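>
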Amino acid sequence: MQLNQELQEVMEGKKGETLKKVLHTMMRYGELFGADAMVPITSRYNHLVTSFGLKALTPVYDLLDQLIAEGAVSRQKFTMDPRPLDPDVPSSFLQNIVFQKFMYSKQESYEKQLKKLGLLDQDAFTCTCYLDEVGNVPKPGEILSWSESSAVVYANSVLGARCNRNSGILDLMGSVLGYVPRFGLLTDEGRKADWIIEIRTSKKPEAQLLGSAVGKKVMEEVPYLVGLDRWLGTLDEDAKTYLKDFGAATASNGAVGLYHVEGITPEAAQQGRGLIREGAKTYVIDDAELERVYRSYPVIWKKKDAKPKLCFMGCPHMSLKQLTDWTEKVEKGLAENGHKKVTVPTVFTAAPGVIKEFQKTEYASRLKKTGIILSYICPLMYMNNPLSTSMPVITSSNKLRTYTSARYYTDEEILAQITGGEAK
Amino acid sequence: MKTFKGRVVSPGRAVAKALVSHGGLNTLASFQKALQFGDKKATCGDQNNPDLYGKQMAGRALCLPGTIGSTTGGLVLYCACAMRRQPACMLFSEPIDSLAAAGAILADVWLEDVSMPVIDSLGQEFLDYVKDGMTIAMREDGTVLVKE
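Chains A and B are the protein sequences, given in the same order. Just so we're aligned: 335 in my numbering is position 335 of the first sequence, and the numbers increase by one with no gaps anywhere. Just so we're aligned: 488 in my numbering is position 64 of the second sequence, and the numbers increase by one with no gaps anywhere.
Here you go:
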């Protein structure tokens, strides 16, 4: 791999041994995937995945101390995934002890490290950094060093930026160096589709279920979806929200970093079926296939018919449009079922920036009246401990289902459950 | 005994009992609980992986097609290595994915006295042949010997 003058000096150790080690790491990473060059990062901000001061990750914090001590900090400001704790979210006395004394005991010291490394601001904690209210919105063609699977797949697919599915730590090392290796989704060839996904459902497919089906089938390859434009129309706020949730499910149930939707996503709109590789495989998704995928999810609750104790919505974080739409849906559901407040303790999660905008609307007080808690928390981090695992938690997030014991239901089923309607 | 040849991702030698996942390894879901709660055996916590769920991963020759899931995957593997709860080696039937690669490289470059050799591109035949409990010997040139 050829290096420019700047990186050559780093390689020769003229910028310090730590930065040399960072370059060595990034080059080895690139060489494994046939990278031909190190290319400059062109986005304004980075986005990092590791937002939690988890005691189990102590080796990572030691490594970050090493970077900070050598002045090897990020050359661009960055946003982060959501914080793992929020006092507004219901938790038991025992859970609080586990969260604060055992699991996230490094949170405070880790956030101090993040400030030194280049954290954008105190509100920068969300997995949906690409929403307008947050402001980390890359332009088409920009080169990123992001991680967070749901954000990478959104940036690549919906925004047309270019980013590989980078791991935590390497995301930061990219912006410490200012360069990433060029391979995979950074290249035209790597953005071509390996799969044609034909959507033949009788109604708009549930985003989280469709994403799960696609992810499980194509794994890390690139799908080109045909027939979804019929249900999405144009790339408006509703479609973007749909694709946010669809993409997160493809990335967590499989390892998708980029998808194309015919007539909708920018590259598919421009290049059409020219994006499809010769010999691409085909996967047909109809109502029966979605039902099969739904029924394949294991229920790992101890008592399978337990009454839910908590409902999480917003993994990835909800958009402003979702918050207003769901406020209306919950109000309507409660009225129809003769209730004033939700019948299952429910938490909606969103980016701090989105919450601020939502609080300016009339919907904020209306949502509060339903009893729903609005939080910036990461539901996944809340769920990942034995005490939460033993709780019957429901969600319509396929990502949360994949990583935790939360049980998946469709949006419609969740609405029925939290508003006291008939649960299926 | 059967011999397979792959590409060396992270060099080293290892002899260990095989642990086989026919589906992708979800690194975060598999390791998180073990790292968080001091499980030295690194018992797999991924409910969606019937091949591995509830089995010891530390010290095993982990045979798999690739890794999937959260992009914390690389740093989770790095931490497993730093905390000495890593597999004895990782053997991929397919070319390695970016997250597993990150974990292997980070451990190799940034950790001293820790070894998790990694070989990829061993082929589907390798994954079809190898079974839990078989003895694996991997060499530095990317050769993998599988004994029943």
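Glycine included, each C-beta is placed from N, C-alpha and C at the ideal position. Owing to the predicted nature of the structure, the values given are computational and were not obtained by experimental measurement.
Are the beta-carbon atoms belonging to V214/A and T250/A less than 8 Å from one another?
Yes, the pair counts as a contact, with Cβ atoms nearer than the cut-off.
> In whole angstroms, what separates the C-alpha of K424/A from that of A561/B?
Here K424/A scores only 49 on pLDDT, less than 50, and its place in the model should not be relied on; the value that follows carries that caveat. The straight-line gap from Cα to Cα measures roughly 51 Å.
> DSSP state of N450/B, grouped into three classes?
Residue state, collapsed to three classes: strand.
> Going by DSSP in three states, P435/B sits in which element: helix, strand or coil?
Residue state, collapsed to three classes: coil.
> Using a Cβ-Cβ distance under 8 Å, would A453/B count as near chain A?
So, interface residue.
> Whose C-alpha, out of G557/B, E536/B, S494/B and Y477/B, is nearest the C-alpha of R508/B?
Minimum Cα distance to R508/B is reached at E536/B.
> Once DSSP output is grouped into helix, strand and coil, what is the label at F428/B?
Three-state DSSP puts F428/B in a strand.
> Which residues in chain B have a C-beta closer than 7 Å to the C-beta of H24/A? List them in chain order.
Correct list: V533.
> Taking a cut of 8 Å between CB atoms, which residues from the segment 138-154 of chain A lie near chain B?
Flagged, chain order: S147, E148, S149 and V152.
> Is there a Cβ of chain B sitting closer than 8 Å to that of P308/A, yes or no?
Closer than 8 Å: no.
> Any beta carbon of chain A sitting closer than 8 Å to that of D565/B?
It does not; no Cβ of chain A falls within 8 Å.
> What residues from chain A crowd round V433/B, counting only those whose CB sits closer than 8 Å?
Neighbours of V433/B on chain A, chain order: L32.
> With 8 Å as the threshold, decide whether the Cβ of A466/B is near any Cβ in chain A.
No, because no Cβ of chain A sits closer than 8 Å to the Cβ of A466/B.
> Which bits of chain A does C487/B rub up against, with CB to CB less than 7 Å?
Chain A residues near C487/B: none, gap ~17 Å exceeds 7 Å.
> Less than 8 Å between CB atoms is the rule here; does G497/B satisfy it with respect to chain A?
Taking Cβ atoms only, chain A reaches closer than 8 Å to G497/B, which makes this a yes.
> Against chain B, which members of the segment 188-201 of chain A pass a CB distance test of less than 7 Å?
Taking 7 Å as the Cβ-Cβ cut-off against chain B, none of the residues of the segment 188-201 of chain A qualify.
> Please classify R563/B: does DSSP put it in a helix, a strand, or coil?
Of the three classes helix, strand and coil, the one that applies to R563/B here is coil, per DSSP.
> Nearest chain B C-beta to M219/A closer than 8 Å, yes or no?
So yes, M219/A belongs to the interface.
> Mapping the DSSP letters down to three states, classify K424/A as helix, strand or coil.
Residue confidence is low: K424/A scores 49 on pLDDT, short of 50, so the model does not pin down where it sits. Its coordinate-derived value is still stated next. Correct three-state label for K424/A: coil.
> Taking 8 Å as the threshold (C-beta atoms), are K429/B and N567/B in contact?
In the sequence as presented, Asn is not what sits at residue 567/B; that position holds Thr. A contact, by the Cβ cut-off of 8 Å.
> Can you confirm whether P181/A, when its beta carbon is compared against all beta carbons of chain B, has any partner nearer than 8 Å?
Output row for P181/A: interface = no.
> Output the boundary residues of the alpha helix (DSSP H) element that contains R230/A.
Note, R230/A: alpha helix (DSSP H), D229 to L232.
> Could you tell me whether any Cβ in chain A is nearer than 8 Å to the Cβ of I543/B?
Not one chain A Cβ lies under 8 Å of I543/B.
> Give, in chain order, every unbroken run of the alpha helix (DSSP H) that is at least 4 residues long and sits entirely within the segment 254-321 of chain A.
Runs found: 266-271 and 287-295.
> According to DSSP, simplified to helix, strand and coil, what is Y104/A?
Residue state, collapsed to three classes: coil.
> Answer with buried or exposed for E12/A, where buried requires no fewer than 16 other C-beta atoms within 10 angstroms of its C-beta.
Result: exposed.
> Mind checking whether R162/A and G178/A have CB atoms under 8 Å apart?
Contact flag unset, no.
> Considering only residues of the same chain and omitting the five flanking positions on each side of Q548/B, which have a CB-CB separation below 7 Å?
The residues are S517.
> When DSSP labels each residue in this structure, what does L515/B get in the three-state scheme?
In this structure, L515/B counts as strand in the three-state DSSP scheme.
> I want to see whether chain B comes within less than 8 Å of N46/A, judged by CB atoms only; does it?
With 8 Å as the cut-off, N46/A does not count as an interface residue toward chain B.
> By Cβ distance below 8 Å, which residues in the same chain neighbour G353/A in space, the five residues on each side in sequence not counted?
Once the five neighbours on either side are set aside, the close Cβ partners of G353/A are D123, T126, L131, E133, V134 and G135.
> Write down every uninterrupted run of the alpha helix (DSSP H) in the segment 175-255 of chain A whose length is 4 residues or greater and which is fully enclosed by it, in chain order.
Qualifying alpha helix (DSSP H) stretches, in chain order: 207-218, 229-232 and 237-253.
> Near I414/A, which residues of its chain fall below 6 Å by C-beta distance, leaving aside the five closest residues on each side in sequence?
Answer for I414/A: S396, listed in chain order.
> Which of the three DSSP states, helix, strand or coil, is assigned to D68/A?
Contrary to the premise, residue 68/A reads as Ile rather than Asp in this sequence. Helix.
> According to DSSP, simplified to helix, strand and coil, what is C468/B?
C468/B falls in the coil class under three-state DSSP.
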